[in-house]
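Worksheet: one structure, shown below.
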Amino acid sequence: MTEPISVTALNQYVKGLLDRDRLLSQVLVRSEISNYKVYPSGHHYFSLKDAESSIRCVMFRREAASLRFRPENGMKVVVSGRVSVFPRDGVYQLYCNHMMPDGVGELAFAFERLKERLHREGLFDPARKKPLPAYPHTIALVTSPAGAAVRDMIRILGARWPMAKVLVVPVRVQGEGAAQEIVQALDLVNACRMAEVIITGRGGGSMEDLWAFNEETVARAIARSEIPVISAVGHEPDVTIADFVADLRASTPSNGAERAVPHQGEVRDTLAHWDARLQRAMDQTLQRRREQLDRARSSPFLQSPLRSIQEKRLLLDYQQQRLVHGMERQVQASRERAGRLAAALEALSPLRVLGRGYSIAQKEDGTVLSSIEQVTAGEGLSLRLADGLVTCTATGKEKHRWQKRN
């Protein structure tokens with residue numbers, strides 16, 4: 001006998017069994033909604049029932065955000081999701097990923113599911129879309145070679161931009177195997193670098209007719225193409241998965257051809273416009289240069305170069321005279337200043353004093369006497385006069401009377 005286990009362990013075991021079942025991991029259920037409730041958390045809880053049974057369902061907020069209609073009790077719907085167990089209650093329920101009203105059709109339902117999944121992966125992100133070349137040399141048409149669409153595209157490309165080479169890569173665009181041929185053609189054009197732009201598409205038809213361009217393999221082939229891809233499928237109201245993934249969506253094959261290349265007439269008009277602007281700019285430049293040349297020709301220097309040299313010589317002579325006069329004035333001012341200084345020095349000279357009858361008494365060693373205290377009787381002295389020197393001997397000394405009284 002096996003060991004007893006807890007309820008939690010049992011529920012977890014059953015949950016594991018259901019989660020590993022491949023059939024229950026993705027089921028489609030067509031039934032009627034009942035007990036539909038939306039909780040503040042954003043999660044949707046309801047049941048699906050028929051005449052004999054019912055199953056509890058939950059659609060979490062993230063999945064519920066993709067709903068394009070408002071579910072109501074009694075509404076017939078088609079739901080996809082997985083079956084599992086909620087361990088707390090031990091009740092199995094359907095965890096819904098998608099829901100759409102019954103009667104929309106399986107193709108429309110598959111379209112919406114693939115569209116949402118690729119959108120979450122980022123395949124529709126504008127940031128990853130490649131710009132088209134302005135003037136393509138080669139354009140590859142991945143389409144049916146027998147349809148009216150390819151003839152329209154070739155005609156329009158030839159009329160708008162005949163310089164471009166148009167390469168038709170024939171594929172089936174409808175029926176079994178069409179999607180695989182489109183994928184192979186896209187990969188071949190990229191591998192061989194056969195063109196600078198790819199236009200893939202076909203004429204209008206029902207959703208079933210256009211379904212090859214709703215296949216996931218085609219969408220991923222377009223997404224991985226290094227060459228820009230234009231999706232030109234059906235008529236203007238028709239929308240395919242390829243339109244969302246392509247670098248540019250055209251409303252029709254003819255519109256795809258129009259948007260792939262410029263119009264030669266418009267390019268000619270543009271070139272003519274720029275040619276006229278360039279011509280005007282050149283004419284204006286030439287006119288300005290002519291005017292500058294005329295002004296240069298009328299310049300006195302060019303008419304008589306020696307005249308300018310003579311004028312410079314006259315200016316040089318004038319500057320030389322100014323320099324000489326300035327130096328003479330400077331020398332005269334210096335002489336006058338030297339004379340004044342000499343006169344002042346002469347006025348202070350002791351020789352001038354001697355000339356007025358005074359003399360200077362000195363000892364034999366040249367010491368100038370300023371007091372009788374410096375002299376002793378019998379000492380030899382010299383008297384300096386204005387015109388010579390007298391030697392003598394001191395025989396005595398006497399102070400002035402007024403100095404004795406002091």
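According to my numbering, the residues represented by the sequence shown are 1 to 406, in order. Beta carbons are placed, not taken as given, at the ideal position from N, Cα and C, and that holds for glycine. Computed from a predicted model, the values in this text were never measured in an experiment.
Determine the DSSP secondary structure at Met1, reduced to helix, strand or coil. On the sequence shown, position 1 is the one that residue 1 refers to. Reliability of the predicted coordinates at Met1 is poor, the pLDDT of 46 falling under 50, and the value obtained from them is presented with this limitation in mind. Met1: coil per DSSP, three-state reduction.
Is it buried or exposed, Ile33, if we count other Cβ atoms within 10 angstroms and call 16 or more buried? Position 33 of the sequence shown holds residue 33. Buried, by the Cβ-count rule.
Three-way DSSP call (helix, strand, coil) for Ala148 in this model: Start at 1 with the first residue of the sequence shown, and residue 148 comes out as number 148. Ala148 falls in the helix class under three-state DSSP.
Short Cβ contact (7 Å threshold) for Ser382 with Thr393: Residue 382 sits at position 382 when you count from the first residue of the sequence shown. Residue 393 sits at position 393 when you count from the first residue of the sequence shown. Not closer than 7 Å, so no.
Would you mind reading off the limits of the alpha helix (DSSP H) that contains Arg282? Working through the sequence shown from its first residue, we reach residue 282 at position 282. According to the sequence provided, residue 282 is Met. The question's Arg does not apply to it. First-last of the alpha helix (DSSP H) with Met282: 264-297.
Stretch pair the region 111-129 + the region 251-258: three plus CB contacts closer than 8 Å: no
Could you tell me the boundaries of the beta strand (DSSP E) in which Gly81 lies? Within the sequence shown, residue 81 is the residue found at index 81, counting from 1. Note, Gly81: beta strand (DSSP E), 76-86.
Excluding the five sequence neighbours on either side, which residues of its own chain have a C-beta within less than 6 Å of the C-beta of Ala64, listed in chain order? Your numbering for residue 64 matches position 64 in the sequence shown. So the qualifying residues of the chain are His44.
Own chain, CB closer than 8 Å to Thr8, minus 5 neighbours either side, in chain order: As a working note, residue 8 is residue 8 in the sequence shown. Excluding sequence neighbours, Thr8 sits near Pro87.
Return the Cβ separation of Ile182 and Thr200 in integer angstroms, given the expectation that the two are a contact with Cβ distance under 8 Å. As a first step, residue 182 must be located in the sequence shown, where it is residue number 182. As a first step, residue 200 must be located in the sequence shown, where it is residue number 200. At roughly 6 Å, the Cβ-Cβ gap stays under 8 Å, so Ile182 and Thr200 are in contact.
For Gly234, which residues of its own chain have a beta-carbon under 8 Å away from its beta-carbon, when the five flanking residues on both sides are left out? Locating residue 234 in the sequence shown gives position 234, counting from the first residue. Result list for Gly234: Gly201, Arg202, Gly203, Gly204, Gly205, Leu210, Thr240, Thr252, in chain order.
Consult DSSP for Glu364 and reduce its assignment to one of helix, strand or coil. Taking the first residue of the sequence shown as position 1, residue 364 is located at position 364. Note: Glu364 maps to coil in three-state DSSP.
If Asp247 and Leu157 are in contact, beta carbons under 8 Å, what's the gap, nearest whole angstrom? Position 247 of the sequence shown, counted from the first residue, corresponds to residue 247. Position 157 of the sequence shown, counted from the first residue, corresponds to residue 157. Contact doesn't hold; Cβ gap of about 18 Å is too wide.
Using only alpha-carbon positions, find the residue among Ile154, Val79, Val261 that is nearest to Met100. Your numbering for residue 100 matches position 100 in the sequence shown. Nearest option by C-alpha distance: Val79.
My assumption, with CB atoms under 8 Å, is that Asn11 sits in contact with Val85. Please give the rounded CB distance. Here residue 11 refers to the residue found at position 11 when the sequence shown is read from its first residue. Here residue 85 refers to the residue found at position 85 when the sequence shown is read from its first residue. Right, the Cβ-Cβ distance comes to about 6 Å (below 8 Å), so this counts as a contact.
Could you tell me which residues DSSP puts in a beta bridge with Ser34? The residue labelled residue 34 in the question sits at position 34 within the sequence shown. Ser34 is bridged to Ser47.
Among Asp387, Gln362, Leu389, which residue has its Cα nearest to the Cα of Thr376? Working through the sequence shown from its first residue, we reach residue 376 at position 376. Answer by Cα proximity: Gln362.
Return no unless some Cβ of chain D is closer than 7 Å to the Cβ of Asp152. No chain D is part of this structure, which consists of one protein chain only.
Given a threshold of 16 other Cβ atoms within 10 Å of its Cβ, counted over all protein chains shown, does Lys115 qualify as buried or as exposed? Translated into positions along the sequence shown, residue 115 becomes position 115. Buried is the call here.
Could you tell me the distance, in whole angstroms, from the CA atom of Ala108 to the CA atom of Gly265? Sequence index remark: in the sequence shown, residue 108 carries index 108 (1-based). Sequence index remark: in the sequence shown, residue 265 carries index 265 (1-based). Cα to Cα, the separation comes out at about 43 Å.
Could you give the distance in angstroms between the alpha-carbon of Phe111 and the alpha-carbon of Gly90? For the purposes of this step, residue 111 is taken as residue 111 along the sequence shown, with counting starting at 1. For the purposes of this step, residue 90 is taken as residue 90 along the sequence shown, with counting starting at 1. Near 35 Å, if we compare the C-alpha coordinates of Gly90 and Phe111.
Count the other C-beta atoms from every protein chain shown that fall within 10 angstroms of the C-beta of Val218, then say buried if there are 16 or more, exposed otherwise. Working through the sequence shown from its first residue, we reach residue 218 at position 218. Buried, because 16 or more other Cβ atoms sit within 10 Å of the Cβ of Val218.
Any contact of the region 269-283 with the region 163-182, i.e. 3+ C-beta pairs under 8 Å? no
Within the region 192-239, ranges of the beta strand (DSSP E) (whole runs, at least 3 residues): 197-202, 229-233
Same chain, Cβ closer than 8 Å to Leu369, five either side skipped, listed in chain order: Translated into positions along the sequence shown, residue 369 becomes position 369. Here the set comprises Ala361, Gln362, Lys363, Val375, Leu381.
Between Asn73 and Tyr36, is the Cβ-Cβ spacing less than 7 Å? Here the question's residue 73 lines up with position 73 in the sequence shown. Here the question's residue 36 lines up with position 36 in the sequence shown. For Asn73 and Tyr36, yes; Cβs fall inside 7 Å.
Buried or exposed: which applies to Leu186, given that a residue is buried once 16 or more other Cβ atoms fall within 10 Å of its Cβ? Locating residue 186 in the sequence shown gives position 186, where the first residue counts as 1. Counting Cβ neighbours within 10 Å, Leu186 comes out buried, since at least 16 surround it.
For Ile309, the first and last residue of its enclosing alpha helix (DSSP H): As a first step, residue 309 is located in the sequence shown; it is residue number 309 there, counting from the start. 305-347 is the extent of the alpha helix (DSSP H) around Ile309.
Would you tell me roughly how many angstroms separate the C-alpha atoms of Trp161 and Arg280, rounded to the nearest one? Within the sequence shown, numbered from 1, the residue matching residue 161 stands at position 161. Within the sequence shown, numbered from 1, the residue matching residue 280 stands at position 280. Their Cα atoms are separated by approximately 29 Å.
Ile139 beta carbon less than 7 Å from that of Ala191: By 1-based counting over the sequence shown, the position of residue 191 is 191. By 1-based counting over the sequence shown, the position of residue 139 is 139. It is not a contact, given that the beta carbons lie outside the stated cut-off.
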